[in-house]
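Under our numbering, the first residue of the sequence shown carries the number -10, and numbering increases by one thereafter.
Note that CB positions come from ideal geometry on N, CA and C, so glycine has one too.
In this text the structure is predicted, and so the values were computed from the model without any measurement.
Read the structure below first, then the notes.
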Amino acid sequence: MRLGWVILTAAIVFAALAVGNVLAVGYAAAGFAVITLSALLALRGRRDKEAGHAPPVIVPERADDPLAAVIAGMPDPVIALDRHGRVLTLNERARLLAPALRQGEPVSLVLRMPELIDAIGRAYASGKDQRVEYFERIPIDRWFEAIVVPVKRRPDATAPDLMLMTFHDLTPLRRAEEMRTDFVANASHELRTPLAALSAFIETLQGTARDDAKARERFLAIMQEQARRMARLIDDLLSLSRVEQNAHRRPDTPVDLVPIVRQVVDGLETLARERGVAVHIDGVSVLMVPGDHDELVRVFENLVENALKYGATGKRVEISVRHGLAPEGAAEAQIAVRDHGPGIAPEHVPRLTERFYRVDVTESRAQGGTGLGLALVKHILNRHRGRLSIESALGAGATFTVHLPTVAVAARAEIP
-10 MRLGWVILTA AIVFAALAVG NVLAVGYAAA GFAVITLSAL LALRGRRDKE
40 AGHAPPVIVP ERADDPLAAV IAGMPDPVIA LDRHGRVLTL NERARLLAPA
90 LRQGEPVSLV LRMPELIDAI GRAYASGKDQ RVEYFERIPI DRWFEAIVVP
140 VKRRPDATAP DLMLMTFHDL TPLRRAEEMR TDFVANASHE LRTPLAALSA
190 FIETLQGTAR DDAKARERFL AIMQEQARRM ARLIDDLLSL SRVEQNAHRR
240 PDTPVDLVPI VRQVVDGLET LARERGVAVH IDGVSVLMVP GDHDELVRVF
290 ENLVENALKY GATGKRVEIS VRHGLAPEGA AEAQIAVRDH GPGIAPEHVP
340 RLTERFYRVD VTESRAQGGT GLGLALVKHI LNRHRGRLSI ESALGAGATF
390 TVHLPTVAVA ARAEIP
């Protein structure tokens, strides 16, 4: 109420001074605005004080602040909080983790995970480290572990006056665990199916079909095919395991890809003839790469066999063996296997190299596929520091291109 009288009195005084002097009107208005703004700010401050809501005190970082310097050099995202949960300082990695964090503001405004806020409260109350895991869905699924460490910066302090929050990204571990779980489940399922078929046929042959020669011959043929399927699956699993164990060892023996491709095509000639598919090879006559001969044979066996099986309707497969350039400009070998079959829908292409992923499960099993062929190709190429690119469109076939770093042709003389 008193403040209202002050504003009214000031307005009357300036109005009186302005009477009889037109030029004084502008000065009166300006003075009135200044006094009014000052009064309003004073009123807001008094109300905040009376309500017990003092504005946060923001202490800017100084270049000589040892706490900020230490935290800036830590390899993990780290945030330092005061006893009220306000941000004192944070490093660049923490800014990337939570771009909206601001110095002097409560951390709860940005990190709105109840388990994380509770961990901060428990750490302050108990004086003990707290660990908590939390999950974020936006913008992508990510898992984190936060470690809250209470710190007493003065030996005589009765309670912590500093909280250090360190974050560890658990996403790669969680995804690896999910992949391992899926792999075990898929491998068990793939093995269980032929085993169940074998068991059923054995029981039938031991029972009702014991003396039926025609049924016996038919069942034995099916059993043989199921046994071969299990053998292929086990062979692919063992090959994949060996490649992963040696993933850190890059092969350095120079090998020529042209004879390898021709060897693979010759070995699959019977399959090509059965499917009525013509295979054409063109390109350079020598293409040297550092690699493991047997693993590279496995790569092209999978790619050419897939083209013959799934692209047979196109009646031809074209294999191009050429020199090329990697995106960074380095020389590389490019071997493209193209079929003219039905093609692959765009949504399937990014997942083709996942273990046990199939575009059509029924068709894949009918063709004798294990779901591991392209995964094996990817891992072998990773070990060779190469890559696989896939281009396809529905109705236009598919092209699988192997990219491998090359060596000089002169190195051919060094092949043992």
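Burial state of residue i, where buried means 16 or more other Cβ atoms lie within 10 Å
i    : result
M152 : buried
M168 : exposed
M63  : exposed
I191 : exposed
V396 : buried
Q234 : exposed
T197 : exposed
R327 : buried
S381 : buried
T302 : exposed
T359 : buried
V366 : buried
E214 : exposed
Alpha carbon of residue i to alpha carbon of residue j, nearest angstrom
i    : j    : result
E166 : F172 : 10 Å
D200 : L194 : 8 Å
G141 : D130 : Checking the sequence, you will find Lys at residue 141 rather than Gly. Between K141 and D130, the C-alpha separation is close to 35 Å.
E336 : V348 : 10 Å
H368 : P248 : 22 Å
R51  : F156 : Only weak support exists for where R51 lies, its pLDDT of 48 falling under 50; the coordinates are left without a value.
I1   : D150 : In this prediction, I1 has a pLDDT of 42, which is less than 50 and means its spatial position is unreliable; what the coordinates show is noted afterwards. Their Cα atoms are separated by approximately 52 Å.
T242 : A186 : 44 Å
E206 : M212 : 10 Å
F124 : F133 : 6 Å
V268 : K203 : 38 Å
I333 : L297 : 15 Å
P161 : E258 : 43 Å
L180 : M219 : 6 Å
H373 : L341 : 20 Å
H312 : I136 : 52 Å
A439 : L370 : Coverage of the chain is limited to positions -10 through 405, which leaves residue 439 absent and any answer about it impossible.
Counterpart residues of residue i in DSSP-defined beta bridges
i    : result
P415 : Outside the displayed span of the chain (-10 to 405) sits residue 415, for which this structure offers no information.
Q234 : Answer is none; Q234 lacks a bridge partner.
P279 : P243
V391 : I324, L377
S309 : D271, A325
R221 : None, per the DSSP bridge assignment.
H73  : Answer by DSSP bridge pairing: none, since H73 is not bridged.
P95  : R75
L227 : Looking at the DSSP assignment, L227 forms no beta bridge with any residue, so it has no partner.
Residue i - containing alpha helix (DSSP H), residue span
i    : result
E166 : 160 to 195
M102 : That residue, M102, is in no alpha helix (DSSP H); it is neither H nor E in DSSP.
I249 : 246 to 256
A83  : 81 to 86
G362 : 362 to 372
V59  : 55 to 61
Segment limits, beta strand (DSSP E) that includes residue i
i    : result
Q119 : 119 to 125
V288 : Counting along the chain, V288 falls outside any beta strand (DSSP E), though it belongs to the alpha helix (DSSP H) covering 282 to 299.
G272 : 267 to 272
V396 : Here V396 belongs to no beta strand (DSSP E), and DSSP marks it neither H nor E.
I68  : 67 to 70
Contact belief for residue i with residue j at Cβ below 8 Å, rounded distance in angstroms
i    : j    : result
A322 : L276 : 5 Å
R82  : D54  : Rounded, the Cβ-Cβ distance is 18 Å, inconsistent with contact.
L393 : G375 : 4 Å
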